[in-house]
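Trainee:
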Amino acid sequence: MRRISALMALFGASVIAPTLYAGPASGTFSVNAIYFDTSAFPGRGGGIGSSFDPAYQASGGNNFPPSTGAIFENPVLEFDTYVAFGGQPSNESTAAITPPATPPGFDANNGFFDDNTRFSGAIFSGPGGAGLSEINPVTGVQSFFFARLTLPQGSEPSGVIAIDILGEVTNVFDIQLFDPAAGAGMGSRGFREFRVVGQKTLSDVELPTSARSSGATALFDVYDFYIELVPAPGAAAVLGLSGLTLVRRRRRASA
Numbered sequence: 108m109r110r111i112s113a114l115m116a117l118f119g120a121s122v123i124a125p126t127l128y129a130g131p132a133s134g135t136f137s138v139n140a141i142y143f144d145t146s147a148f149p150g151r152g153g154g155i156g157s158s159f160d161p162a163y164q165a166s167g168g169n170n171f172p173p174s175t176g177a178i179f180e181n182p183v184l185e186f187d188t189y190v191a192f193g194g195q196p197s198n199e200s201t202a203a204i205t206p207p208a209t210p211p212g213f214d215a216n217n218g219f220f221d222d223n224t225r226f227s228g229a230i231f232s233g234p235g236g237a238g239l240s241e242i243n244p245v246t247g248v249q250s251f252f253f254a255r256l257t258l259p260q261g262s263e264p265s266g267v268i269a270i271d272i273l274g275e276v277t278n279v280f281d282i283q284l285f286d287p288a289a290g291a292g293m294g295s296r297g298f299r300e301f302r303v304v305g306q307k308t309l310s311d312v313e314l315p316t317s318a319r320s321s322g323a324t325a326l327f328d329v330y331d332f333y334i335e336l337v338p339a340p341g342a343a344a345v346l347g348l349s350g351l352t353l354v355r356r357r358r359r360a361s362a
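If you're matching positions, the sequence shown starts at 108 in our numbering and goes up one per residue.
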C-alpha cells in the first residue's frame with residue numbers, strides 16, 4: 108500500500124499537475140557550491156526564508172533529504188524542510204541528494220535552520236565532485252535542485268544566495284518565485300545564463316503540526332528551490348520556426 112497516496116487523500120493535499128514550459132535548455136551544468144548565509148560567508152548571499160512564519164519540520168526528519176524508505180514509513184517526511192545537492196525532491200520512489208560537504212557546525216542535526224525560518228550556511232560538492240543538473244520534471248528545463256521549504260499557507264519565501272557553477276562566473280541571485288499553476292512562461296535572458304527559482308510545487312497540504320497532538324493540523328505550501336539554466340532566445344526562435352515549417356508541410360501534404 109502506498110502510504111503517501113493514502114495520506115494525501117486523507118489530508119486533501121492539492122497537487123499541481125506538471126506542465127511543460129519553454130523547451131529544454133541546451134546542455135547540463137555542474138554546481139560546485141551554494142552559499143546561503145552572509146554572516147558566515149560575507150558577500151555571498153543572505154539566505155532563504157520567510158520573514159514571519161516558521162518552516163515545517165516533520166517529526167523524525169533532519170536537515171537533509173529523507174530516504175525513500177523513511178517516507179514510506181512516515182509519509183509526512185516528504186514535506187519536511189531540508190537542503191539537498193541535486194537530484195529531485197524526495198518521495199517514495201526518488202531520493203534527493205544529501206550535500207556531500209558542509210562547513211563546520213552544519214550537518215544533519217545542526218545549523219541550516221537554527222531559527223526555523225531561514226536557511227543559513229553553505230553546501231559544497233566535496234571530494235566526490237560537483238553536482239550535475241537534471242531536467243526539472245515540472246518545467247522541462249535543465250535545473251539543479253537544492254532545497255525544499257514548506258511554509259504555512261500564504262507565506263512566500265524570499266532571499267538572496269550565491270552559487271558557484273563550474274566554468275561560469277559565481278553570481279549572487281535574488282530568489283524568483285514561480286507557480287506552475289499560474290502558467291507563467293520561463294522567459295529568456297541569453298545563452299548560459301542562470302536564475303534561482305522558488306517553485307511552488309504543492310499548495311494547501313494539510314499536515315500535523317505536532318507529533319504529540321494527533322488532532323492538530325494546518326495547511327502548508329511546498330516550495331522547491333532550483334538553479335535553472337535559462338534557455339537561449341535564439342534556440343527558442345529556432346524551435347518555433349521549425350514547428351511552423353512542420354505545420355506548413357503537413358498542410359501541403361494534406362491538400
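Glycine residues also receive a C-beta, built at the ideal position from the N, C-alpha and C atoms.
Output needed for Pro-211: all residues of its chain with C-beta closer than 6 Å, excluding positions within five of it in sequence on either side, in chain order.
Mentor: Closer than 6 Å at the Cβ level, and outside the excluded window around Pro-211, lies no residue.
Trainee: What's the C-alpha gap between Gly-169 and Phe-253?
Mentor: As written in the sequence, residue 169 is Asn, which differs from the Gly given in the question. If you take the alpha carbons of Asn-169 and Phe-253, they lie about 15 Å apart.
Trainee: For Thr-257, I'd like the list of residues in its chain whose CB is within less than 8 Å of its CB, leaving aside the five on either flank, ordered along the chain.
Mentor: The answer, listed in chain order, is Ala-162, Tyr-163, Phe-186, Asp-187, Thr-188, Val-312, Leu-314, Phe-327, Asp-328, Val-329 and Tyr-330.
Trainee: Would you kindly report the start and end of the unbroken alpha helix (DSSP H) that includes Gly-176?
Mentor: 175-180 is the extent of the alpha helix (DSSP H) around Gly-176.
Trainee: Starting from Tyr-163 and walking both ways along the beta strand (DSSP E), at which residues does that stretch end?
Mentor: No beta strand (DSSP E) holds Tyr-163; DSSP gives it neither H nor E.
Trainee: Return the bridge partner residues of Val-363 from the DSSP annotation.
Mentor: Past the edges of the chain, shown from 108 to 362, lies residue 363, and the structure says nothing about it.
Trainee: Could you check if Gln-260 is buried or exposed, using at least 16 other CB atoms within 10 Å of its CB as the buried criterion?
Mentor: The residue in question, Gln-260, is exposed, as its Cβ has fewer than 16 Cβ neighbours within 10 Å.
Trainee: State the Cα-Cα distance for the pair Phe-220 and Pro-338, rounded to the nearest angstrom.
Mentor: The alpha-carbon atoms of Phe-220 and Pro-338 are separated by roughly 33 Å.
Trainee: Looking at the secondary structure, which residues open and close the beta strand (DSSP E) in which Leu-256 lies?
Mentor: That run of the beta strand (DSSP E) goes 249-259.
Trainee: Give the C-beta separation of Ala-208 and Pro-172 to the nearest angstrom, bearing in mind that I take them to be a contact with Cβ-Cβ under 8 Å.
Mentor: Not really, about 15 Å apart at Cβ, beyond 8 Å.
Trainee: Let me make sure I understand the geometry here. Which of Glu-199, Phe-280, Val-190 and Ile-178 has the alpha-carbon closest to that of Gly-218?
Mentor: The option with the nearest alpha carbon to Gly-218 is Val-190.
Trainee: Given a cut-off of 8 Å, decide if Ala-269 and Val-138 are closer than it, judged by their beta-carbon atoms.
Mentor: Against a cut-off of 8 Å, the Cβ pair of Ala-269 and Val-138 comes out as no contact.
Trainee: Excluding the 5 residues flanking Thr-316 on each side, which residues of the same chain have their C-beta closer than 8 Å to its C-beta?
Mentor: Cβ within range, chain order: Ala-323, Thr-324 and Ala-325.
Trainee: If I'm right that Phe-213 touches Gly-228 with Cβ under 8 Å, what's the distance once you round it to whole angstroms?
Mentor: Right, the Cβ-Cβ distance comes to about 4 Å (below 8 Å), so this counts as a contact.
Trainee: Do Asp-271 and Ala-140 come within 8 Å of each other at the CB atom, strictly closer than that value?
Mentor: The answer is yes: Cβ separation under 8 Å.
Trainee: DSSP state of Ser-295, grouped into three classes?
Mentor: Note that Ser-295 has pLDDT 44, beneath the 50 cutoff, so the model's placement of it is unreliable and no number is given.
Trainee: Consult DSSP for Leu-273 and reduce its assignment to one of helix, strand or coil.
Mentor: Leu-273 falls in the coil class under three-state DSSP.
Trainee: Using beta-carbon positions only, say whether Arg-225 and Gly-167 come within less than 8 Å of one another.
Mentor: It is not a contact, given that the beta carbons lie outside the stated cut-off.
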